[in-house]
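Shown next, in structure tokens, is the structure this report addresses.
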Amino acid sequence: MMVAVASREIRDGDLVFVGMRLPILAYAVARNSHAPTARGLFEVGLMRDQPASGFLGTMGDPPNVAGALWATRMSNAMALMARGDVDLGFIGGAEVDRFGNLNTSYVGDPARPQVKLPGSGGGADIAILSRRWVTLMSHERRRLVERVSYVTSPGHGDGTPGWRRGRGLLGGGPVAIITTLAVLRFPEDGGEAFLASVHPGHSVEEVREHTGWELRVAEGAGETPTPTEAELAAIRRFDPEGFWTRGQSA
Amino acid sequence: MMVAVASREIRDGDLVFVGMRLPILAYAVARNSHAPTARGLFEVGLMRDQPASGFLGTMGDPPNVAGALWATRMSNAMALMARGDVDLGFIGGAEVDRFGNLNTSYVGDPARPQVKLPGSGGGADIAILSRRWVTLMSHERRRLVERVSYVTSPGHGDGTPGWRRGRGLLGGGPVAIITTLAVLRFPEDGGEAFLASVHPGHSVEEVREHTGWELRVAEGAGETPTPTEAELAAIRRFDPEGFWTRGQSA
Amino acid sequence: MTMAEAVARFVPDGATVAMGAGLEALIPFAAGHELIRQRRRDLELVGPISDALFDQLIGAGCVRRVTAAWLGNVSEGLGHCYRRACEHGVPRSLEVHDHSNFSISLALWAAAWNVPSLPTRTLLGSDIVRTNLDLAEADGLVHVSAVRPDVAIVHAQRADEHGRAHLWGPLGITEEAGLAAERVIVTCEQLVDAGVTLSDPNRILFPETKVVAVVHEPGGAHPSPVQGFFKRDHAFYRDYAQRSRSVEGFEGWLREWVLATPDRTTYLERIDADALRVKQPRPSAPADFGVE
Amino acid sequence: MTMAEAVARFVPDGATVAMGAGLEALIPFAAGHELIRQRRRDLELVGPISDALFDQLIGAGCVRRVTAAWLGNVSEGLGHCYRRACEHGVPRSLEVHDHSNFSISLALWAAAWNVPSLPTRTLLGSDIVRTNLDLAEADGLVHVSAVRPDVAIVHAQRADEHGRAHLWGPLGITEEAGLAAERVIVTCEQLVDAGVTLSDPNRILFPETKVVAVVHEPGGAHPSPVQGFFKRDHAFYRDYAQRSRSVEGFEGWLREWVLATPDRTTYLERIDADALRVKQPRPSAPADFGVE
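Protein chains in written order, with the numbering used here: chain A, 1 to 250; chain B, 1001 to 1250; chain C, 2001 to 2292; chain D, 3001 to 3292.
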């Protein structure tokens, strides 16, 4: 479900900064359905049009290199993003707050953390430099929190309109949080996430219960469209053994 | 003569930032005589051990690329020099002054120049960043001047000891001016050029007459050793038609 | 796309154009000559050194400003049109933004990374910092302002129609020029299938998203050398140096080789291209991009 | 040179070591395991992300500080040894200098170009700037201090005995890591004649003047992938992730795969290397470096 929904964020012609895990699948799905001229950029230093034909455990796996449009340094991929050439980025996160800020670094005091998370990777770069971005997250109260204690990848900051422009952040920030239960979206000029649609089989109440803040619901929030047959077929093709979609409904 | 003398500035094992024209020959001579493990670095983005086997009109000519140890970006060659990895550089110049400053930019007011010279190229970079450098020059009063009006490539600045360190220049600056008549050298810690040796067939008086300042003569300044047979043979091998040494005695 | 069309569509009057970023090799002379034929005006030229091409564009009156480290004729010396423009405003006056080779590279990296400037230790103590206002000394470093070309014109050994170009040999500042520019025009010796370019994605120098035109123009770099294809035509540079000493001589040269030469095909018929062509192949060892 | 000798001679206790600069591919696991066997201490590890290797070195007690953008197990998630070190000081406490992928690249370019720092627009608004004192915000930019490795360890597809290494596939921050480092150790799948490497000088990633040791170590990047040679061993990463959840599990893993495994040859006998080996060649089209 998350993969299919994420793939719909990709517009045809987009240059997409593809992260690891589900976004790789989302890119593959989009490229094989509604976005046949999108291109994917990988921070390891690759650009592709067609998704890799073999399974990828990481973006650096050989199938992702064969047939690539460009194999280069990471700083060159970042250079494109720093100039505003990347239309959409995907970022995974451990915690996200109501303003779309992500924490993938520390739970608790950074000097003496309760939990040390892996860190930014390219997350902060995507969050700051891509034109718009989306995060994918398991919908749990401990993950969707009122305020993150550490901002690894800034979203809309303190939620005041224009916060990103004021701080000099190049890109427009997060447009959606796609979770295992729902799709949350942000107002055009930043601010607080609101519930845009609920995945089939789940309810608004269930979503609010698993969200760590008083979640606003958009007028007209309905059900997230189910994955189409084409989307499901693409998911099965690029993740035949369910390595990435294991334990999740597509 | 200039080529042979210049080649002697290259020590075995040196990484030499080779300019165009005579220095390419000097490098070839040194590599084939007393400096068999020297390496040459070319700002176009090349490193070599053996000199190119064919004639070079420029450092970017195909024979300089074939067999190169590294073909890369200019900024990478400059990076080595910026870290102090380049032992010796060669710079050509239109004008040099008593403190070794070079002008290859403007004669007269830069806003309304009497003569517009080609510019720095990599000259300023070599002058500032290489550990030591040498310039080659036709010995004329209008070229060896009291003070250059425009410092393209800084030597020892205003001649006060430690001028380069004080201004933050990384490398040690010019060690010699090799001319068509003589070899001028500089004191260890900078300052003013002095006459170190006069080429065979020329006199101290002749040299002083063609120098634009009151040239000091080192105690024990004698005759520059004539090119050896090996040096001459190497020059003939790498410049068979006298393209670079035309009108000069070797 | 033809050269005429690429230049007409993507290089307007007043554009900032990076050319000759590979220093002495792979200079896009054919593209430069088309700029002259189309009477492009008020260009800003950006490059490290320029071996005669910038001199020709200046002499033809196409140029308002030069941002470069060196401008002349590498094997012959001075650039006579450049001198006349700077010293006498002939055919028009010229603004010069002097750089060193390292600093012009950094100016392009600054643009590629979208920062206002990059710091460096080079140019400390040089008057270039004093006369080029794009350079500033502070905190013991020189800060090099970004230079953002509207277009980079690059001659490549081969490219496919989608804009994936393979270049080899020394690269000079070609990569940063392409990444810094808004768009890239590729001219090439060989137009090849995508199977050739994609067989070696490491040799693709910039992303196809930058490339707006691919022009198949064999010999388009003459008289500059192209590794594996053409030797440098030293005599041609010498002839240009001699004839361009006077305005009249330059104009005669320009008429002969540019204005009265409609395209590169005609041009190549007038030189002894065969004598310059590289005939003995020296292929690189393949890299294996195997997966399974 | 053998791996044991290269590590003994060129990676002293307390050294700052760049490894895994290619991100998920070409990770020099064999070199890392030799560091553990030689009980190297107080290392500072530098890299973009590290797919399990840094976690292993931390668990083995070799590491004082990590300067990186991400540390874990790319296909499996968290790095358990990293967590234990940061959260409980087990086996020892760890200093962490957090970066993003872009900023660690810039930190190495700053060192390569020998400037104190480079500016960037990334990390604005991120708490990483607040907690890593190597980063500072000023004038609307983040200034990334230079990171200067004492040694970079790089696994290459092939190299010659003079230190000329050919790498292909995505390069991550390998080039800047090599140029920023005082010295480079190359480990490689194939030791080839100079004729192979010099046939393609564009594919030589850093100058031989930087390279102090070349170690012929086939399979030296397992379980990470090597384009043209080895697929990624996903199951091996999964097994490591599961066993390293507890200190005891990690120590058992370490004993089995590192401490009781004297060298890479023995190690390779214990895995099904043949199943991982790439068998279908996919050679790049040659580039012609011809001259005449």
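Note that the Cβ used here is the ideal one computed from N, Cα and C, for glycine as well.
- Note on ALA2008(C): under 16 other CB atoms within 10 angstroms of its CB, so exposed under the neighbour-count rule.
- Within chain C, ASP2098 have C-beta atoms less than 7 Å from the C-beta of SER1105(B), given in sequence order.
- Of the residues assessed, GLU1229(B) falls on the exposed side of the cut-off, its CB having fewer than 16 other CB atoms within 10 angstroms.
- In the DSSP annotation of this structure, ALA35(A) is not part of any beta strand (DSSP E), being labelled neither H nor E.
- In terms of Cα proximity to GLY1190(B), the closest of ILE1235(B), VAL1148(B), ARG1112(B) and ASP1158(B) is ASP1158(B).
- Taking the beta carbon of ARG3164(D) as reference, the chain B residues within 8 Å of it are LEU1069 and TRP1070, listed in sequence order.
- The beta-carbon of PHE2289(C) is placed less than 8 Å from the nearest beta-carbon of chain A.
- Checking the DSSP bridge columns, you'll see ARG132(A) partnered with LEU88(A).
- At least one CB of chain B lies nearer than 8 Å to the CB of GLU3208(D).
- The stretch 3124-3139 of chain D makes no contact with the stretch 3160-3176 of chain D; the number of CB pairs closer than 8 Å stays below 3.
- The C-beta of LYS2210(C) has 16 or more other C-beta atoms within 10 Å across all chains shown, which makes the residue buried.
- If you check the CB distance, VAL2192(C) and ARG2158(C) come in under 8 Å.
- Taking C-beta separations shorter than 6 Å and ignoring five residues to either side along the sequence, the partners of ILE2104(C) in its chain run PRO2048 and ALA2069, following chain order.
- Taken in chain order, the whole beta strand (DSSP E) runs of length 3 or more contained in the stretch 3108-3137 of chain D are 3117-3120.
- When C-alpha distances from GLY3089(D) are compared across PRO113(A), ILE24(A), LEU46(A) and LEU88(A), the shortest belongs to PRO113(A).
- In the structure shown, THR3174(D) adopts helical secondary structure according to DSSP, grouped into three states.
- Every alpha helix (DSSP H) of 4 residues or more that sits fully in the stretch 1199-1244 of chain B is shown, in chain order, as 1204-1209 and 1229-1238.
- In this chain, the beta strand (DSSP E) harbouring GLN2157(C) covers 2151-2159.
- Cβ contact annotation for ALA2112(C) (same chain, cutoff 6 Å, sequence separation greater than five): GLU2176, LEU2179 and ALA2180, in chain order.
- With a threshold of 8 Å between beta carbons, ALA3112(D) makes contact with chain B.
- Scanning chain C for C-beta atoms nearer than 9 Å to the C-beta of PRO62(A) yields PHE2289, GLY2290, VAL2291 and GLU2292, reported in chain order.
- Assignment of beta-bridge partners to TYR1106(B) by DSSP yields LYS1116(B).
- Per DSSP, THR160(A) lies in no alpha helix (DSSP H) and is assigned neither H nor E.
- Per DSSP, reduced to three states, the secondary structure at PRO2048(C) is strand.
- ALA3136(D) sits away from PHE3010(D), with the two beta carbons spaced by 8 Å or more.
- Remark: C-beta atoms of PRO62(A) and VAL2291(C) approach each other more closely than 8 Å.
- Contact note: VAL3186(D) does not reach chain C at a C-beta cutoff of 8 Å; the least C-beta distance is about 16 Å.
- For ALA3273(D), same chain residues with a beta-carbon under 7 Å away, outside a window of 5 residues either side, are GLY3219 in chain order.
- Between ASP3098(D) and SER75(A), the C-beta gap is not smaller than 8 Å, which leaves the two residues out of contact.
- LEU1170(B) sits in coil when the DSSP states are folded into three classes, being neither helix nor strand.
- Apart from sequence neighbours up to five positions away, the residues of its chain that approach ALA182(A) with a beta-carbon distance below 8 Å are HIS139, LEU195, ALA196, SER197, VAL198, HIS199, HIS202, VAL207 and THR224, ordered along the chain.
- If you compare the alpha carbons of GLU3251(D), ASP3288(D) and PHE3229(D) with that of ARG3277(D), the shortest gap goes to PHE3229(D).
- Counting only residues of its own chain and dropping the five nearest sequence neighbours on each side, LEU2141(C) has a CB closer than 6 Å to the CB of PRO2119.
- Using a Cβ distance threshold of 8 Å, ALA2006(C) and ILE2185(C) count as a contacting pair.
- A direct Cα-to-Cα measurement between GLY100(A) and ALA193(A) gives close to 7 Å.
- Under the 10 Å beta carbon count, ALA3275(D) is surrounded by fewer than 16 other beta carbons and is classified as exposed.
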